[in-house]
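Reviewing the structure listed below.
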Amino acid sequence: MYELAPHDSFLPDRSTPFPAADSIIYNPPASEASPAHTPFIFLPRSDPRRAALVRLRNSPDAAASALAPTPVEDGDLPPAMRYPRRQPRYNLKKEDIAEIKRLREEDPIKWSVGQLSKKFDCSPIFVRMVAPAPAEHLDYLKAKLERKMTRWGPKKTQAREDRRRRAEMVYRGEL
């Protein structure tokens, strides 16, 4: 294979030591230039930002006023978040709680946590507290999940294991 020599314009200039001692090398990142991050030395003398920076450097009271927080008015703020706050309801009596326990024990598949919370107008967490699932039902759910997991491929199995590992790291404060 024939290799061409590079053009002379691509070769370094060997007449002076590289880099030249009297030059400043400014190699910004390959992104859009931001006027907020342009170094003072690279601002041209006619640039108004340079004059403003000189004024800030020379008068200490101007610097303090520039750094002082400005009062915020209601018009400047984003709209207030309006999300429905859950008001606690104490609408269940002892008889209702006994009924929840009876239904959950009788048929935990038909009377799931979601079904019971809708029927008795309470939170799913409350249903789990007053009527935890029977041990047989938990065993059934575990076996059902294991049957489902046997059909998974290696990628899905690995993804689930990674999620479990990341969750443990979050609980330990490592993430």
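All residue numbers for the sequence shown refer to our numbering, where the first residue is 492 and numbers rise by one. Ideal placement from N, C-alpha and C gives every residue a C-beta, glycine not left out. Model, not experiment: these values are computed from the prediction.
Could you tell me the alpha carbon to alpha carbon distance between C613 and A527, rounded to whole angstroms? Cα-Cα distance, rounded: 53 Å.
For R548 and R540, the rounded distance between their alpha carbons: Distance between the alpha carbons of R540 and R548: 12 Å.
Classify L544: buried if its beta carbon has 16 or more other beta carbons within 10 angstroms, exposed otherwise. Under this definition L544 is an exposed residue.
Count Cβ pairs between the segment 612–630 and the segment 586–603 that sit closer than 8 Å; are there 3 or more? Judged by Cβ distances under 8 Å, the segment 612–630 makes contact with the segment 586–603, as three or more pairs qualify.
Candidates V604, W643 and I600: closest to E627 by CA position: Of the candidates V604, W643 and I600, the one whose C-alpha sits nearest the C-alpha of E627 is I600.
Where the alpha helix (DSSP H) containing A634 begins and where it ends: It spans A626 to T641 - the alpha helix (DSSP H) in which A634 sits, taken as one unbroken run.
If we call anything under 8 Å between Cβ atoms a contact, is I588 one with L607? Taking 8 Å as the Cβ cut-off, I588 and L607 do not qualify as a contacting pair.
Span of the alpha helix (DSSP H) holding V618? Looking at the DSSP string, the run of the alpha helix (DSSP H) that includes V618 is P615 to V621.
I'd like the list of long-range same chain contacts for A496, defined as Cβ closer than 6 Å, with 5 residues on each side in sequence excluded. Taken in chain order, the list of residues that qualify is empty.
Which class does V604 belong to by DSSP, given the choice of helix, strand or coil? Three-state result, V604: helix.
Give every residue of the same chain whose Cβ lies closer than 6 Å to the Cβ of P570, excluding the five residues on either side of it in the sequence, and list them in chain order. None.
Do R656 and L666 have their CB atoms nearer than 8 Å? No, they are not a contact pair.
If you draw a straight line from the C-alpha of W602 to the C-alpha of I616, how long is it? Answer to the nearest angstrom: the Cα atoms are 15 Å apart.
For P570, name the three-state secondary structure that DSSP assigns. If DSSP states are grouped into helix, strand and coil, P570 belongs with coil.
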